[in-house]
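Peer 1: So for the sequence shown, this note's numbering puts the first residue at 100; every next one is plus one.
From the three backbone atoms N, C-alpha and C, an ideal C-beta is built for every residue, glycine too.
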Amino acid sequence: MLSLYLFGFFYYHLTPISYFYHINYSLYKPVPLPYEKPCRVVFGVKSALDRGVGQPHRLEKHLKEKSISYSLGHSINYSERLKQGEVPEGFGYTDVGVFKLLLYILFEYVPKKLSLTPPNDYYGLLNPKACKPILSDMPVLVSTPIGEFPSYSFILGKRWNLAYPSCENMESFIPVIDGDVNLVIYSPPNFYPPSGITLREATLSIITDRKKTLIEVYKNGRRWEVYDQSSLTLYLKESGNYEVKIYYYKTKIFNLYFGLRFGSCASNITIQAM
Numbered sequence: 100m101l102s103l104y105l106f107g108f109f110y111y112h113l114t115p116i117s118y119f120y121h122i123n124y125s126l127y128k129p130v131p132l133p134y135e136k137p138c139r140v141v142f143g144v145k146s147a148l149d150r151g152v153g154q155p156h157r158l159e160k161h162l163k164e165k166s167i168s169y170s171l172g173h174s175i176n177y178s179e180r181l182k183q184g185e186v187p188e189g190f191g192y193t194d195v196g197v198f199k200l201l202l203y204i205l206f207e208y209v210p211k212k213l214s215l216t217p218p219n220d221y222y223g224l225l226n227p228k229a230c231k232p233i234l235s236d237m238p239v240l241v242s243t244p245i246g247e248f249p250s251y252s253f254i255l256g257k258r259w260n261l262a263y264p265s266c267e268n269m270e271s272f273i274p275v276i277d278g279d280v281n282l283v284i285y286s287p288p289n290f291y292p293p294s295g296i297t298l299r300e301a302t303l304s305i306i307t308d309r310k311k312t313l314i315e316v317y318k319n320g321r322r323w324e325v326y327d328q329s330s331l332t333l334y335l336k337e338s339g340n341y342e343v344k345i346y347y348y349k350t351k352i353f354n355l356y357f358g359l360r361f362g363s364c365a366s367n368i369t370i371q372a373m
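1. For E207 and E185, I'd like the C-alpha separation in whole angstroms.
2. Given this structure, state the Cα-to-Cα distance separating E179 from E159, to the nearest angstrom.
3. Can you give the Cα-Cα distance for K128 and F106, rounded to whole angstroms?
4. Consult DSSP for E342 and reduce its assignment to one of helix, strand or coil.
5. Pick out whichever of K311, V140, Y203 and Q371 has its Cα sitting closest to the Cα of E267.
6. Do you know whose CA, among F361, V195 and S174, lies nearest K311's CA?
7. Could you give the residue range of the alpha helix (DSSP H) that holds R299?
8. With DSSP as the reference, label A365 as helix, strand or coil.
9. Taking 8 Å as the cut-off, decide whether the C-beta atoms of I305 and S330 are in contact.
10. When the distance is taken between beta carbons, is T302 closer than 8 Å to T332?
11. Less than 8 Å between the beta carbons of L225 and Y111, yes or no?
12. By a C-beta neighbour count over all protein chains shown, 10 Å radius and 16 as the cutoff for buried, is H161 buried or exposed?
13. When the Cα atoms are used, what is the spatial distance from V209 to Y334?
14. By Cβ distance below 7 Å, which residues in the same chain neighbour K165 in space, the five residues on each side in sequence not counted?
15. In the DSSP assignment, what are the bridge partners of P137?
16. Tell me the start and end of each unbroken beta strand (DSSP E) in the stretch 121 to 187 that is at least 3 residues and wholly inside, in chain order.
17. Please return the same chain residues whose Cβ sits closer than 6 Å to the Cβ of W259, not counting the five positions on each side in sequence.
18. Is the number of C-beta pairs between the stretch 181 to 199 and the stretch 228 to 237 that are closer than 8 Å three or more?
19. Which residue wins for smallest C-alpha separation from R150, given the options L355, F353 and S242?
20. Does the structure place the stretch 115 to 123 close enough to the stretch 345 to 359 that three or more beta carbon pairs sit under 8 Å?
21. How many Å lie between S346 and V316 at the Cα?
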């Protein structure tokens, strides 16, 4: 049983594996930052406001601890953090899948809890073909005077959506999982969120707080460039539709990457050069 568990443990943490023929490199050059900072929002969280059983005041407490501005999609404007709002089409816990969630609990959540280490977010097991917001829609099954099961800490995890360009004017959302991501689309003299607006040229600036970061840039639906670096400045001047996917990895051997986990993405960055 121990050998079987160890095999499963290493299989979980070292897969998936990807090989890239060529890795690009670019020096990071800072770009101007917008005055209005994007805010963190979560969607689809269930509570007693939404025919669930979780206590809204405990949800609000967890949102505050995680510095999340809003939970959107409730039946009423319950408080400053629990608000009505349209829940966009996105990825929920069912998209992760029962099998992957079971592997996560066995080989990530339980071992790290026992070792008093913060577990990574299970949404990192997503392999999205499209870039869409993420939903924290796992329901609370049991609510007691001392807490919920599963807990709101587990339901919220380490994920949110960056609302651009601000909390007051949410035009688009960038999913962020298991880390901090600062992603800016700058097209002089304005900042544009990646929401399909056609630009003549743009500067893409990415900064993550993870050292082992792999950034994939797609152009017209095909992988264009791959960067093994946590900060990137990319000048987009050729006509096309661009998409960015950010992954974190466990280890690498030359151009072979092990244990890739999804971190963030941005799509519909459309350039129409003069």
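Peer 2: Based on what the coordinates show:
1. Counting from one through the sequence shown, the residue named residue 207 turns up at place 108. Counting from one through the sequence shown, the residue named residue 185 turns up at place 86. About 33 Å.
2. For the purposes of this step, residue 179 is taken as the residue at position 80 of the sequence shown. For the purposes of this step, residue 159 is taken as the residue at position 60 of the sequence shown. Looking at the two C-alpha atoms, the distance is approximately 9 Å.
3. Counting from 1 along the sequence shown, the entry for residue 128 is found at position 29. Counting from 1 along the sequence shown, the entry for residue 106 is found at position 7. Straight-line Cα distance between these residues: approximately 43 Å.
4. Mapped onto the sequence shown, residue 342 falls at position 243. Looking at E342 - three-state DSSP - the assignment turns out to be strand.
5. Start at 1 with the first residue of the sequence shown, and residue 267 comes out as number 168. Nearest of K311, V140, Y203 and Q371 to E267, Cα basis: V140.
6. In the sequence shown, counting from the first residue as 1, residue 311 sits at position 212. It is F361.
7. Walking along the sequence shown from the start, residue 299 turns up at place 200. Careful: R299 lies outside any alpha helix (DSSP H) and carries neither H nor E.
8. Here the question's residue 365 lines up with position 266 in the sequence shown. Strand.
9. By one-based count along the sequence shown, residue 305 stands at place 206. By one-based count along the sequence shown, residue 330 stands at place 231. Cβ distance < 8 Å, so I305 and S330 count as in contact.
10. Indexing the sequence shown from 1 puts residue 332 at position 233. Indexing the sequence shown from 1 puts residue 302 at position 203. Their beta carbons are under 8 Å apart, which means T332 touches T302 by this criterion.
11. Here residue 225 refers to the residue found at position 126 when the sequence shown is read from its first residue. Here residue 111 refers to the residue found at position 12 when the sequence shown is read from its first residue. No; because the gap between Cβ atoms is not below 8 Å, this pair is not in contact.
12. Taking the sequence shown and counting its residues from 1, one reaches residue 161 at position 62. Counting Cβ neighbours within 10 Å, H161 comes out buried, since at least 16 surround it.
13. As a first step, residue 209 must be located in the sequence shown, where it is residue number 110. As a first step, residue 334 must be located in the sequence shown, where it is residue number 235. Cα to Cα, the separation comes out at about 43 Å.
14. If you number the sequence shown from 1, residue 165 lands on position 66. Only L255 meet the Cβ criterion.
15. Position 38 of the sequence shown, counting from 1, holds the residue named residue 137. Paired residue(s): none; P137 is not in a bridge.
16. 138 to 142 and 169 to 171
17. Against the sequence shown, residue 259 aligns to sequence position 160. If we look at W259 and ignore the five residues flanking it on each side, its Cβ neighbours are R139, V141, I167 and V275.
18. yes
19. Along the sequence shown, read from residue 1 onward, the residue named residue 150 stands at position 51. That would be S242, whose Cα lies nearest to the Cα of R150.
20. yes
21. Position 247 of the sequence shown, counted from the start, is the residue given in the question as residue 346. Position 217 of the sequence shown, counted from the start, is the residue given in the question as residue 316. The residue you asked about is not Ser; residue 346 is Tyr in the sequence shown. Each residue's alpha carbon lies about 11 Å from the other.
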